[in-house]
Amino acid sequence: MTTAEGPTQISRAYYRDEHIFEEELHRVFGKNWIFVGHESEVPAPGDYVTRHLGGDPVILSRTQDEGIRVMLNSCTHRGTQVCKVAYGNTTTFRCGYHGWVFGNDGRLKGVPGRRALYGPGFDLSKLGLRTARVETLHGFVFATWDEEGPSLHEYLGDFRWYLDALLDFFPGGMEVHGGVHRVQVRGNWKIHAENFSGDGYHLKVAHHTMFELGVMGAQAGAVEGFVVNEPHGHGLRSQYLVDPDVPDTVFGYEEELLLPALERADAQHRKFRERTSVIHGLVFPNLLFITTAPVYFGEDARGQTAFTQIRALTPIDQHTHEVAYWNLVPRDASDEWKARSYLFATRQHGASSYFEADDLENFRRINAGLGTVAGAQTPYNYELGIDAAARYMPPWQGPGRIVHQDLTESNQRNFVGRYLEMMGATR
Amino acid sequence: MSTAAAERRPDIEPDRQIERFLVEEAAHLDAGRYDAWLALLHEDFVYRVPVPLSREDPALGRYDEVLEFANESKSFLAMRFGRISSDFAWAERPAAFTRHFVTNFRVSAAEPAPAGADGPVNPRWTVLTNVLVVRGRLPEPPVLVSAERRDVIEGVGGSFLLCRRDVFLDTEVPNESQLGVIF
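Below, the structure is given as structure tokens:
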């Protein structure tokens, strides 16, 4: 069966077949805009960080003229990685094998023995590091190897409105706190991606203990949730407190930072964000985000504090993926608040936190349950919420397909549908 | 055995006493005696696992000063253990097998603890150890993880308390099973 958003089932072959996995790296990670980092990670000329763009190692760098470059971290001579470390600052990358030297913009600047050993037709200008197409949005750097595809603006479509509400809310913008850390987790990356895109159904079961322990504060009370999706595969879920005594505000920020932001915000953006207990979602295919404001993580972490975490998923093989975690903070927040926000993020959604562990546990158990013969005949089911009536009216008016229902797999159908389309599957 | 873990033994050298304390402390973790383990922690206990980083220059710091895999306190750890009794603690049911191997003890000279209100001035030691931990939980095979620990241990009356533990992992990109360990 297929709905307006996408199919209601998908074969497990997409989660265990190694040939499909290879195909995925080309068709999904080779063709879409992929998040590689944030501009605030490379503030000065020469700053660089190393990342992956799907199956390709890349360097994200700030060039001498302050431009942003994303280039293949592989020498054009014999393919050696030219940069081996997580981050740093340099004007050049020198290959450790034969000494070819590239500028931080990727241009080949010189090779040992160029005049004596290479012929007159040897053209340095054609042998720079392979450079990706790059576009940015509110400091988010996206890159793609696809020279023909849509612009980032077209690619995000109506979802852009929601990213504006999340990333362009505070007048000074958002920055990365500290940097990135990475963890290798068991399970196919798509399970993690679809979970973030809008799985409100798992909360009360998978994260039951968070409610028991009082971490969630008012979120444990009456809430109304909605999901939003966009045909390029993007989706989010936002959840609102219904208690009329709760003020119309965005929870967990310093007042002196928040008030100017609320005053400046677009009226509908404001309604989208106020009274939310959590907003989480996915920019297709692998950029995840969550913003929430827990109230208690021990005696040294009391008092409602917001955090915004983003993640990028990099597939390692069909059974394993690497998760990169960043914490975003308003640039103009106090240092004390930034540190507290990071602490709350670490305790709720850090890779070693026990709440995060419950999600990771499910991802690995799905992998463990893949099976072979009977597994192949048992597709995953995405029928949740198909015939459900609208339950609530959303407090905001905005673009995209807004589903007036929290417990629905509308976003997952949308994700799976877009994924299968990219994979060239007939459905 | 377990109740004796925190007791000081004036008849043996302080570094031997501390070694004994840390071996018993690890045994509590491996056996899942979490209440007994919590009782060994100072009220202001800080547990931190900074993120290791590959840097160009080997002389640069190898552990990030801001980024951390974990930052926990005694009350937060108490929440963590409190939930294990819940049927919904998915990641802890069934429990993992863990085994700590604690070696290469290096104990600093005693220094006075920060002065409390009129209380006695307790001695504190900084203790470096190497740990190798095995963690096994199906369906994956057991994993190994090694680290250096830097502990601050205070002698309080007739016993010891753990005040701080910094864990320096030997891997930059650990897996989730390795991060499931309390070091």
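Chains as they are written, first to last, in this note's numbering: chain U, 1 to 427; chain P, 428 to 610.
The C-beta atom is built at its ideal place from N, Cα and C for all residues, glycine as well.
Check for me: the beta strand (DSSP E) holding residue 69/U runs from which residue to which? 68-72
Would you mind listing the beta strand (DSSP E) stretches within the region 165-211 of chain U that are 3+ residues and don't spill past its ends, in chain order? 174-186
Which same chain residues, not among the five before or five after residue 342/U, have their C-beta less than 8 angstroms away from its C-beta? 177, 178, 307, 327 and 329
Measuring only the C-alpha atoms, how far is residue 427/U from residue 14/U? With a pLDDT of only 44 at residue 427/U, under 50, the local geometry of the prediction cannot be trusted, and the value read off the model is given with reservation. Near 14 angstroms, if we compare the C-alpha coordinates of residue 14/U and residue 427/U.
Taking residue 573/P as the query, report the chain U residues whose CB atoms sit under 7 angstroms from its CB, ordered along the chain. None at all; the shortest Cβ gap to chain U is about 16 angstroms.
Spatially closest choice to residue 594/P from 602/P, 443/P, 498/P and 509/P, by CA coordinates: 498/P
Would you kindly check if the distance between the Cβ of residue 288/U and the Cβ of residue 310/U is under 8 angstroms? yes
Are the region 347-365 of chain U and the region 47-60 of chain U touching, with three or more C-beta to C-beta distances below 8 angstroms? no
Contacting positions in the region 440-464 of chain P - beta carbon closer than 7 angstroms to chain U: Residues passing the 7 angstroms Cβ filter: none.
Counting only runs that start and end within the region 315-361 of chain U, where is the beta strand (DSSP E) found for 3 or more residues in a row? 320-330
What does residue 368/U touch in chain B if you count any residue whose Cβ is under 9 angstroms from its own? Reference to chain B is not applicable here, since the protein chains of this structure are U and P.
Going along chain U, which residues have a C-beta under 7 angstroms from residue 528/P? Going along chain U, no residue has its Cβ under 7 angstroms from residue 528/P, so there is no contact; the nearest lies around 20 angstroms.
Less than 8 angstroms between the C-beta atoms of residue 605/P and residue 561/P, yes or no? no
Show which residues of chain U have a CB atom less than 7 angstroms away from the CB atom of residue 516/P. Residues of chain U passing the Cβ test: 209.
With 7 angstroms as the limit, tell me which residues of the region 214-233 of chain U have their beta carbon closer than that to any beta carbon of chain P; keep them in chain order. none
For residue 528/P, count neighbouring C-beta atoms within 10 Å of its own C-beta (all shown protein chains included) and say buried if the count is 16 or more, exposed if not. exposed
Just to make sure I have the definition right: I need the residues of chain U whose C-beta is within less than 9 angstroms of the C-beta of residue 576/P. Which are they? Residues of chain U passing the Cβ test: none, with the nearest at roughly 15 angstroms.
Contact residues within the region 155-185 of chain U, judged by C-beta distance below 9 angstroms to chain P: Listed by position along the chain: 177, 178, 179, 180, 181, 182, 183, 184 and 185.
Alpha carbon to alpha carbon, how far is residue 453/P from residue 550/P? Give it in angstroms, no decimals. Spanning the two alpha carbons is a distance of roughly 22 angstroms.
Under 7 angstroms Cβ to Cβ from residue 261/U, same chain only, skipping five residues before and after it: list those, please. 169, 170 and 171
With a cut-off of 8 angstroms, do at least 3 Cβ pairs link the region 291-299 of chain U to the region 254-269 of chain U? no
Residue 186/U and residue 319/U - do their beta-carbons sit closer together than 8 angstroms? When the beta-carbon positions are compared, residue 319/U and residue 186/U come within less than 8 angstroms of each other.
Please list the residues of the region 578-601 of chain P that have a C-beta atom closer than 8 angstroms to any C-beta atom in chain U, keeping them in chain order. 599, 600 and 601
CA-CA distance, residue 601/P and residue 121/U? 47 angstroms
Tell me, to the nearest whole angstrom, how far the beta carbon of residue 72/U is from that of residue 27/U; I am working on the premise that it is less than 8 angstroms. Going by Cβ atoms, the distance from residue 72/U to residue 27/U rounds to 19 angstroms, so no, they are not a contact pair.
Strictly under 8 angstroms for the Cβ-Cβ distance: is residue 557/P near chain U by that measure? no
Sorted by chain position, which residues of the same chain lie with C-beta nearer than 7 angstroms to residue 476/P's C-beta, five sequence neighbours on each side aside? The beta carbon of residue 476/P lies closer than 7 angstroms to those of 495, 496, 497, 594 and 596 in the same chain, with the five residues before and after it left out.
Please state whether the Cβ-Cβ distance between residue 403/U and residue 196/U is less than 8 angstroms. Result no, Cβ atoms of residue 403/U and residue 196/U do not sit closer than 8 angstroms.
Own chain partners of residue 32/U with C-beta closer than 7 angstroms, once the 5 adjacent residues on each side are dropped: 144, 284 and 285
Assuming contact is defined by CB atoms lying nearer than 8 angstroms, are residue 206/U and residue 517/P in contact in what I supplied? yes
Going by CA-CA distance only, name the one from 467/P, 441/P, 482/P and 461/P that's closest to residue 592/P. 467/P
Let me make sure I understand the geometry here. Which of 215/U, 420/U, 422/U and 416/U has the alpha-carbon closest to that of residue 192/U? 416/U
Who are the Cβ neighbours of residue 411/U in its own chain at under 6 angstroms, not counting the five residues just before and after it? 197, 198, 227, 229 and 235
Under the three-state reduction of DSSP, which class applies to residue 428/P: helix, strand or coil? Because residue 428/P sits at a pLDDT of 44, beneath the cut-off of 50, its placement in the model cannot be relied upon, and the following sentence gives the value as read from the coordinates. Of the three classes helix, strand and coil, the one that applies to residue 428/P here is coil, per DSSP.
C-alpha distance - residue 147/U paired with residue 11/U, whole-angstrom precision: 31 angstroms
DSSP puts residue 104/U in a beta bridge; with which residues? None; residue 104/U has no bridge partner.
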